[in-house]
Each structure stands twice: as structure tokens, then as C-alpha cells.
Amino acid sequence: MEHKTPTGAQISHSTVEKRIKQFLVSLDELINELKNSGSNKSRSSKGLVGEQVEDLLHSIEKCAKSRVYLKEKDDHAGLDSRGTELWNMTTKLRRSEKPSDIENKNTYLKLRHLAYLTLDCAQRTCGRTTQGSLRLVKIAVKAGKTYLDHDEVSLAESVLSNAAKYIDDLSKNTTPLLVNEEGERVNLECEFLVQRIELSFLQHNVNAAELMCNNAMERFSRDESAASRLEPRIRESLGKVLYKIGKDMVKRANLTSGVEWLARALEIVDPKYVGSERFAAELRFGIMQNLVQTSLKTQLPSDLRKAEEVMEVMVKEWPERLNVHCLGLDVIVAQELRAEAYHAALMKMMSSIALSERSFKACVSLLTAHCGFLFLLLLDERPKNLTRVATGLLGNATCCWRRICKVVGIGSHAMYSITS
1 MEHKTPTGAQ ISHSTVEKRI KQFLVSLDEL INELKNSGSN KSRSSKGLVG EQVEDLLHSI
61 EKCAKSRVYL KEKDDHAGLD SRGTELWNMT TKLRRSEKPS DIENKNTYLK LRHLAYLTLD
121 CAQRTCGRTT QGSLRLVKIA VKAGKTYLDH DEVSLAESVL SNAAKYIDDL SKNTTPLLVN
181 EEGERVNLEC EFLVQRIELS FLQHNVNAAE LMCNNAMERF SRDESAASRL EPRIRESLGK
241 VLYKIGKDMV KRANLTSGVE WLARALEIVD PKYVGSERFA AELRFGIMQN LVQTSLKTQL
301 PSDLRKAEEV MEVMVKEWPE RLNVHCLGLD VIVAQELRAE AYHAALMKMM SSIALSERSF
361 KACVSLLTAH CGFLFLLLLD ERPKNLTRVA TGLLGNATCC WRRICKVVGI GSHAMYSITS
């Protein structure tokens with residue numbers, strides 16, 4: 001008769017406890033090896049640690065799949081304390097080792113994964129608690145971020161799939177969470193979804209990324225109660241991921257999808273919630289700039305209207321930036337508006353930006369790029385309007401040039417050499 005190896009719940013408590021005791025002995029050896037490795041950084045010692053980690057990962061995965069509770073509290077405490085110690089050691093290792101050392105990087109990532117699985121096994125085998133589940137999700141998102149930053153897709157998928165079970169437990173908790181616990185749960189769940197969106201995109205599963213993005217936005221952005229609990233840094237991280245996906249779509253010439261992802265990113269980085277810190281403001285500026293530029297490329301009426309709306313906000317918030325005004329003129333050209341609109345935008349630009357030789361060159365370059373549109377305006381405008389607009393343009397340009405010459409200390413005759 002063929003012998004079948006017991007799996008899952010079929011494995012007895014004694015078998016699981018025996019495996020865990022053996023695992024703890026081996027884990028202690030690894031921790032001692034890591035403590036002593038400071039004075040011995042030879043390739044052979046690193047290779048030995050790598051082999052130990054692989055064996056321990058295989059062992060702990062078996063224990064975690066057993067789905068039985070431990071009778072001996074000492075074993076649970078041993079898993080928890082060793083897992084915590086190993087996690088802290090990986091944090092120190094990350095700070096001390098050179099990032100260019102590929103072998104150290106791989107060992108560090110696997111050690112971190114081993115630490116997480118050890119803590120996960122401790123939580124699973126003693127019965128899940130609210131605080132324990134919150135702690136494991138917090139550790140999982142820290143590990144997930146590390147793996148995604150290093151493009152370790154398989155490790156990220158493993159740890160995030162594991163964390164999903166704890167998030168599900170928390171959502172089904174029959175006992176209401178305390179106010180601080182509920183706030184922590186909301187932030188951790190959103191952070192988890194941010195990483196799942198990024199992971200799905202890295203796996204080229206755009207449909208899954210879009211589904212989770214819509215889920216995150218409905219639950220954590222459009223719901224005022226949840227939105228008020230969400231920390232600005234997590235909202236910014238979600239906006240950053242959506243911005244990254246939007247730019248990648250544009251790079252791949254998928255302009256329509258690019259506009260959609262950039263619009264989602266802009267909705268997330270609402271200044272009402274992210275504040276006016278420099279990073280948040282620059283992130284928002286980058287999203288808006290790319291959204292307008294991409295909308296102009298699609299030439300869809302709805303996208304052009306969106307570009308115009310975004311430009312109005314940008315001109316109000318960043319009136320001193322030359323690139324904002326140049327982009328505004330591009331919007332006017334794309335919408336084929338009348339000369340008055342172009343004239344008004346150009347005059348506003350000249351009165352708002354800091355005058356310099358560099359900004360004047362940028363203005364000349366922009367007008368050169370728009371010469372076709374300006375020529376059509378000359379043909380379409382009535383003589384009366386044409387005279388007024390042309391006179392205004394020429395007068396302001398001359399005034400602008402004289403002021404620049406005064407600032408940089410050159411004669412007006414230098415205009416020809418600068419603009420050529």
C-alpha cells in the first residue's frame with residue numbers, strides 16, 4: 001500500500017511541535033552565526049548563512065501550513081521572540097551593508113522574509129488576536145515595501161497574500177475595535193492596497209490593479225469617515241503609485257489609460273488631506289503637469305476640458321512658474337481659442353514670471369512653436385481686433401525685452417544674437 005504523507009490539519013500536534021522545536025534550534029544557530037559574522041565577512045561565511053536561510057524557510061513554511069494550535073506556550077513565545085530578534089537584525093543589516101553587494105542584498109531579503117514567516121507562524125499557532133493581526137499586517141506592509149523596492153515580485157506576492165488573511169480577520173471581527181485600533185486598521189489596509197496595486201502592475205495585470213485602485217479610492221478617498229483617518233503619507237504613497245502607473249502608460253503610448261490613471265492620482269492628492277508640504281506639493285504639480293500634457297496629446301474634447309480646468313488651478317497656485325504659463329498657452333492653442341485668450345494668457349505670463357535672459361529665450365521658443373497657430377489667428381481676426389492684439393503683443397514684448405536688457409546689463413542690439 002502506498003504511504004501518504006499527512007498534510008494540513010491531518011498533521012498531529014506532536015508532529016508540529018516537534019518540527020517547531022527543531023526549527024527553533026536551527027534558528028538559534030543562524031542568529032548566533034549572524035551575530036558573529038561581524039568579524040568574518042568572507043564569501044564562505046555568507047554562503048553558509050544563505051544555505052541556512054533556505055533550509056529554515058522550507059521548514060517554517062511547513063509549520064505555517066499545519067493550521068494547528070500549539071499546546072506549549074513556550075514554543076509560541078520562542079517563535080515570537082526569535083522572529084522579532086531576527087527582524088531587528090535585518091534592519092541593522094540593511095543600514096550597515098553596502099547596497100551594491102548583491103549577495104548581501106539577497107541574504108537580507110530572505111532573512112527578512114524568514115523573520116516575517118516566523119512571526120506569522122507564532123500568530124497562527126496560538127490563535128489570532130486583534131492586536132496580533134494588526135501587528136502582522138504592519139510587519140507585512142513593511143516587508144512588502146522592501147520587496148517591491150528591490151523588484152522582488154515573488155516575495156512581495158507571498159507576504160501580501162499572507163497579510164490579506166489577517167485583514168480579512170480584522171474586517172470580520174465581531175468585537176468593535178477601539179478608536180485607535182480602527183484608525184490603525186484603516187491606514188494599514190490602505191497601505192496594503194497600495195502595494196497590491198503596484199504588485200499587480202509589475203505583474204502586468206492592469207485589470208487587477210485597476211480593480212484594487214477603484215476599491216481603495218471608494219473606501220479611503222471618497223468615504224469622508226475613512227478619508228479623515230488616513231495619514232497624509234499613505235495618501236501620498238497611493239498618489240505616487242498611481243502617478244507612476246500613469247506615466248508608464250503614457251510612455252507605452254497608451255494615452256487614454258494614462259489620462260485615467262493620472263486623473264485618479266490627482267483626485268487622491270487632494271490638498272485638503274495631503275497638506276502643503278514640499279513633497280506633497282511637488283507630487284501634485286508633477287501629476288497635474290503630466291495630466292495636462294497627456295490630455296493635449298489625446299485631443300479628446302473631454303480631455304481638453306479637463307486640461308483647461310487643471311490649468312486654471314495651476315496658474316492660481318504657481319503663478320511664478322514659467323512652465324505653467326507655457327503649458328497654459330499650449331492648452332489655448334490645442335483648443336483653437338481666439339486671439340484674445342492667447343493675448344491675455346501671454347500678458348499674464350509676462351507680468352508674473354521673473355524676467356531673465358533664460359525666460360526670454362523660453363518665450364521666444366514658445367512663440368516660434370506656436371507660429372502656425374498665430375498665423376491662422378492673423379487670417380481669422382478682424383482688422384480691428386488684429387491691430388489691438390498685435391499692438392499689445394508688440395508693446396509688451398518690447399517692454400519685456402528692455403527690462404531684461406537692463407537686468408542682464410546688455411544693449412538692446414543684443415536681441416538679434418540671443419533670439420537667433
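Quick note: the sequence shown uses full-length UniProt numbering, first residue 1, plus one each step.
Backbone N, C-alpha and C fix where the C-beta goes; we use that ideal spot for every residue, glycine too.
Under the three-state DSSP convention, the category residue i falls into
i: Ile353; result: coil
i: Trp318; result: coil
i: Ala253; result: coil
i: Lys4; result: Summary for Lys4: the model assigns pLDDT 47, below 50, so the residue's position carries little reliability, and this model does not support an answer.
i: Thr129; result: coil
i: Ser221; result: coil
i: Thr15; result: helix
i: Asp270; result: coil
i: His325; result: helix
i: Lys172; result: coil
i: Leu178; result: coil
i: Glu152; result: coil
i: Ile20; result: helix
i: Glu308; result: helix
i: Gln299; result: coil
i: His204; result: coil
i: Leu34; result: helix
i: Glu157; result: helix
i: Leu230; result: coil
i: Glu336; result: coil
i: Glu29; result: helix
i: Glu277; result: coil
Residues near residue i in its chain [Cβ-Cβ closer than 6 Å; skip 5 each side]
i: Val186; result: Ala226 and Arg229
i: Ala208; result: Ser200
i: Glu189; result: Ile167
i: Leu93; result: Tyr108
i: Ile197; result: Ala209, Met212, Cys213 and Val241
Residues of its chain near residue i, where Cβ-Cβ distance is below 8 Å and the 5 sequence neighbours each way are ignored
i: Met288; result: Leu266, Val310, Val313 and Met314
i: Ala334; result: Leu296, Gln299, Leu304 and Ala307
i: Ser59; result: Arg19, Gln22, Phe23 and Ser26
i: Asn32; result: none
i: Ser14; result: none
i: Glu236; result: Val269, Val274, Phe279, Ala280 and Leu283
i: Ala362; result: Leu322 and Cys326
i: Gln195; result: Val141, Gly144, Lys145, Leu148, Ala156 and Leu160
i: Phe192; result: Val137, Ala140, Val141, Gly144, Leu160, Ala163, Ala164 and Ile167
i: Ala345; result: His325, Gly328, Leu329 and Ile332
i: Ile234; result: Asn187, Cys190, Glu191 and Val194
Same chain, Cβ closer than 7 Å to residue i, neighbours up to 5 away in sequence not counted
i: residue 441; result: Residue 441 cannot be examined here, being either before or after the span of the chain that is shown, 1 to 420.
i: Thr107; result: Lys46, Val49, Gly50 and Val53
i: Ser359; result: Leu322 and Ile353
i: Asp80; result: Leu119 and Ala122
i: Glu61; result: Leu117
i: Glu152; result: Leu109
i: Arg219; result: Ala226
i: Gly90; result: Reading off the sequence shown, one finds Thr at residue 90, where the question assumed Gly. Correct list, in chain order: Tyr108, Leu111, Arg112 and Ala115.
i: Asn173; result: Thr130
i: Val292; result: Ala307, Val310, Met311, Leu327 and Val331
i: Gly83; result: Ala115, Thr118, Leu119 and Ala122
Rounded Cβ spacing between residue i and residue j (contact assumed at less than 8 Å)
i: Thr118; j: Leu155; result: So it is not a contact: roughly 15 Å between Cβ atoms.
i: Thr130; j: Glu181; result: 7 Å
i: Thr146; j: Leu170; result: Actually they are not in contact, since the Cβ atoms of Thr146 and Leu170 sit about 23 Å apart, beyond 8 Å.
i: Gly246; j: Gly258; result: 5 Å
i: Leu114; j: Leu56; result: 6 Å
Closer than 7 Å: residue i CB and nearest the ligand COA heavy atom
i: Ala208; result: Although the ligand COA was asked about, the structure shown includes no ligands whatsoever.
Determine contact between the region 250-259 and the region 270-287, defined as no fewer than three beta-carbon pairs at a distance below 8 Å. no
Cβ contact (3+ pairs, closer than 8 Å) linking the region 132-151 and the region 114-124: yes
Inspect the CB distances between the region 204-223 and the region 156-166 and report whether three or more fall short of 8 Å. no
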